[in-house]
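**Student:** Numbering (our numbering), first residue to last: 24 to 328.
Below are the structure tokens for one structure; questions will follow.
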Ligand SMILES: [Zn+2]
């Protein structure tokens, strides 16, 4: 038995001249599905939970609760009659005025602000916080971000892993206000109604309340991040969700504490970004391996070959 799990983020037809956001075009996703179909049987997460017949299976997953997923991915899934999982955060549903999580604010900043300005603004913002020099090992950076150039990867690691949520909010808000006229986005996340619909199909899962690495926080904060995520999604959908995709998902963002917490709280499947296929034994279904779409298809190019 072989279970391939693939993860996607942005799926849309936009072009981002500066990078930062690398969407898969819906037409490309459709071609990928056709290619995968030749070798694999698509399964849902609940089928994965109880799988016992030998074969080659594939589960598609989509992280971060982006509106793209409802607008572009769901129609394709319906047309192809295949299941998938969508893992969502919830902090944005407790805020007003199109709140964007810091991790996504960074994506937008990188997509709309020229690189030189980004680097300079980042330095200014870091200095403003009184943090002049943050040392970080390249190997740690690379274990999490393998496709970015090293400068960008380092910035991502610092903001997502080393700064507190408050520091991160302070930097992203500063930059976001400064470049508000340049940054273009609308309806970034799925609506509550759309989440409800996904939950009806059993396609909905947890991704932490505010998209912070769960390994680096106290037991109390871990409980807050997962329980609140679960409670809010239960309020919205009426369902108790039991599958989680760990935010960031790399080795540095998951710890024994996190796994034990999930076990204790009856979370049945945990999706990492450890790049491996899942085997028949699957001793630990809280440590499922996943490939990023870029690992598998090298973007659009693979499809054209
Ligand atoms: Zn995520």
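Built from N, CA and C at the ideal position, the CB exists for glycine as well.
Just so you know, these numbers come straight off a predicted model, no measurement behind them.
Short of 6 Å in beta carbon distance, which residues of its chain neighbour residue 278, apart from the five on each side in sequence? Order them along the chain.
**Tutor:** So the list reads 238, once near-sequence residues are dropped.
**Student:** Pull up the DSSP beta-bridge partners for residue 212, would you.
**Tutor:** Paired residues: 89.
**Student:** Who are the near neighbours of residue 159 in its chain, counting only those whose CB is closer than 8 Å to its CB and skipping five residues on each side?
**Tutor:** The residues are 177, 180, 181, 185.
**Student:** Measuring only from the beta carbon, is residue 232 closer than 8 Å to any heavy atom that is part of ligand 1?
**Tutor:** The answer is no for residue 232.
**Student:** Going by alpha carbons, who is nearest to residue 153 out of 190, 35, 300, 88?
**Tutor:** Minimum Cα distance to residue 153 is reached at 190.
**Student:** Please work out which residues of its chain come closer than 6 Å, Cβ to Cβ, to residue 91, disregarding the five sequence neighbours upstream and downstream, and give them in chain order.
**Tutor:** Only 33, 34, 35 meet the Cβ criterion.
**Student:** Figure out for me which residue from 26, 314, 69, 292 has the closest Cα to the Cα of residue 298.
**Tutor:** Closest option to residue 298, Cα to Cα, is 314.
**Student:** Excluding the five sequence neighbours on either side, which residues of its own chain have a C-beta within less than 7 Å of the C-beta of residue 225, listed in chain order?
**Tutor:** If we look at residue 225 and ignore the five residues flanking it on each side, its Cβ neighbours are 67, 69.
**Student:** Whole angstroms is fine: what's the gap from residue 168's alpha carbon to residue 174's?
**Tutor:** For residue 168 and residue 174, the distance between alpha carbons rounds to 11 Å.
**Student:** Can you tell me whether residue 128 is buried or exposed? The criterion is at least 16 other CB atoms within 10 Å of its CB, across all chains shown.
**Tutor:** So residue 128 ends up on the buried side.
**Student:** Hey, would you say residue 26 sits closer than 9 Å to residue 196, going by beta carbons?
**Tutor:** Not a contact, by the Cβ cut-off of 9 Å.
**Student:** Just the Cα atoms here: how many angstroms apart are residue 192 and residue 125?
**Tutor:** Near 6 Å, if we compare the C-alpha coordinates of residue 125 and residue 192.
**Student:** Across which residues does DSSP place residue 31 in a beta bridge pair?
**Tutor:** Bridge partners of residue 31: 85.
**Student:** List in chain order: all unbroken alpha helix (DSSP H) runs of 4+ residues lying wholly within the segment 126-190.
**Tutor:** DSSP runs (the alpha helix (DSSP H)) wholly in the segment 126-190: 138-151, 161-167, 173-180.
**Student:** So what does residue 111 bridge to, in DSSP terms?
**Tutor:** For residue 111, which the question treats as bridged, DSSP gives the partners 229.
**Student:** Alpha carbon to alpha carbon, how far is residue 74 from residue 240?
**Tutor:** Whole-angstrom Cα-Cα distance: 33 Å.
**Student:** Quick check: the Cα distance between residue 148 and residue 41, rounded to an integer number of angstroms?
**Tutor:** Cα-Cα distance, rounded: 21 Å.
**Student:** Under three-state DSSP, which class holds residue 315?
**Tutor:** In this structure, residue 315 counts as strand in the three-state DSSP scheme.
**Student:** Does the beta-carbon of residue 170 have 16 or more other beta-carbons within 10 angstroms, so that it is buried, or is it exposed?
**Tutor:** When all chains shown are included, residue 170 counts as exposed.
**Student:** Go to residue 123, then tell me how far its alpha helix (DSSP H) extends in each direction, as first and last residue.
**Tutor:** Where residue 123 is concerned, there is no enclosing alpha helix (DSSP H), given that its DSSP letter is neither H nor E.
**Student:** May I have the straight-line CA-CA distance separating residue 216 from residue 269, to the nearest angstrom?
**Tutor:** If you take the alpha carbons of residue 216 and residue 269, they lie about 24 Å apart.
**Student:** When we look at the beta-carbon of residue 324 and count the other beta-carbons within 10 Å, is it buried (16 or more) or exposed?
**Tutor:** Unreliable placement is indicated for residue 324, whose pLDDT of 40 sits below 50; the coordinate value is still reported in the next sentence. Exposed, since its Cβ has fewer than 16 Cβ neighbours within 10 Å.
**Student:** Where does the unbroken alpha helix (DSSP H) through residue 268 begin, and where does it stop?
**Tutor:** No alpha helix (DSSP H) contains residue 268, which is instead part of the beta strand (DSSP E) from 266-268.
**Student:** Considering just the uninterrupted stretch of the beta strand (DSSP E) at residue 294, what are its terminal residues?
**Tutor:** Unbroken beta strand (DSSP E) run through residue 294: 292-294.
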